[in-house]
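Using our numbering, the first residue of the sequence shown is number -13, and each one after it goes up by one. Structure first, commentary second.
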Amino acid sequence: MKYYKKIVGERLYLSPINADEVNTYLKWMNEDKTLAVEFGQYPLMVSSKSDLNWLYEPPQNMRRFAIVLLDNDMLIGSISLHNIDHLNRNAYIGIFIGGEEQRSKGYGAEAIRLVLNYGFKTMNLHSINLTVHADNFAGISCYKKVGFLEVGRLPEVLFIDGKYVDKIYMSILEHEFSSDSNNTK
Ligand SMILES: CC(C)(COP(=O)(O)OP(=O)(O)OC[C@H]1O[C@@H](n2cnc3c(N)ncnc32)[C@H](O)[C@@H]1OP(=O)(O)O)[C@@H](O)C(=O)NCCC(=O)NCCS
-13 MKYYKKIVGE
-3 RLYLSPINAD
7 EVNTYLKWMN
17 EDKTLAVEFG
27 QYPLMVSSKS
37 DLNWLYEPPQ
47 NMRRFAIVLL
57 DNDMLIGSIS
67 LHNIDHLNRN
77 AYIGIFIGGE
87 EQRSKGYGAE
97 AIRLVLNYGF
107 KTMNLHSINL
117 TVHADNFAGI
127 SCYKKVGFLE
137 VGRLPEVLFI
147 DGKYVDKIYM
157 SILEHEFSSD
167 SNNTK
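In structure tokens form, the structure reads like this:
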């Protein structure tokens, strides 16, 4: 079995990462420029499995999942809860959907809702946060759809494609999250 249905949604499930898919991740990091730029990998050389250690060997304060379609068990991306802080009961979300053709279909929002539910109901977190480039309109739209609010902004802190870009901080508190919100496409 390549993937395990650890957390199951309507159209996708979250599984432990399968390291055999290294070529898919390498292709995404090198040929999917939107993904590489928005996920912060574009300035790096990602050419071997060891360059993807962050993916396969998550630290103890991280839970990383593969995002897999229920219909055909196809890998479409990855999502993590990282910097999990049990004292203050918070964590950050990181996500990517690989391949333009899989984006803007609601998969990102569905995966995030599953991870928010896991974070609040299983990990007993109180707040979940993320950072996003201010010009990542798809990301911002997706995060607002599931209930994240913009809570801060660092101006011109990122240098991307010759321009300075703001970094936005977004957050959702446990009482603001409703796992029944039915916003998938
Ligand atoms: C960000 C990301 C995870 C969102 O996943 P997704 O499956 O595309 O998200 P969804 O389809 O649930 O939501 C995206 C929304 O943005 C909208 N959108 C897409 N492009 C847009 C644009 N240029 N401007 C405004 N909205 C846009 C979509 O229409 C959709 O909204 P809708 O459902 O109301 O129609 C995905 O786009 C991705 O992996 N991008 C590349 C890597 C990345 O940005 N990672 C996150 C770093 S913080």
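Ideal placement from N, C-alpha and C gives every residue a C-beta, glycine not left out.
The criterion of a C-beta distance shorter than 8 Å is satisfied by I154 and E136.
Just measuring C-alpha positions, the residue of I81, S90, M156, M48 sitting nearest A124 is S90. In the DSSP assignment, L41 falls within the alpha helix (DSSP H) that extends over 39 to 42. For F123, the Cβ falls inside the 7 Å cut-off from some heavy atom of ligand 1. Look at the beta carbons and you see the region 34 to 49 touching the region 60 to 72: at least three pairs across the two are nearer than 8 Å.
Here the C-alpha atom of L144 lies approximately 28 Å from the C-alpha atom of N74. Per DSSP, the unbroken alpha helix (DSSP H) holding F106 starts and ends at 93 to 107. Separation of the CB atoms of T20 and E86 is rounded to 7 Å, and the pair is thereby assigned contact status at 8 Å.
Counting only the Cα atoms, K107 lies some 15 Å from D71.
H119 and N58 have their C-alpha atoms roughly 32 Å apart.
Setting aside the 5 residues that flank it on each side, V132 is surrounded in the same chain by A95, I98, R99, each with a C-beta closer than 6 Å to its C-beta; the list follows chain order. In this structure, the alpha-carbon of N103 lies about 16 Å from that of R(-3).
Counting along the chain, the unbroken beta strand (DSSP E) around K149 starts and ends at 149 to 159.
The beta carbon of Y(-10) sits closer than 8 Å to the beta carbons of S1, P2 from its chain, once the five residues preceding and following it are set aside; these are given in chain order. The DSSP-derived three-state label of D6 is helix. Distances between the C-beta of E24 and the heavy atoms of ligand 1 include at least one below 7 Å.
One thing to note: L38 has its Cβ within 8 Å of the Cβ of Y11.
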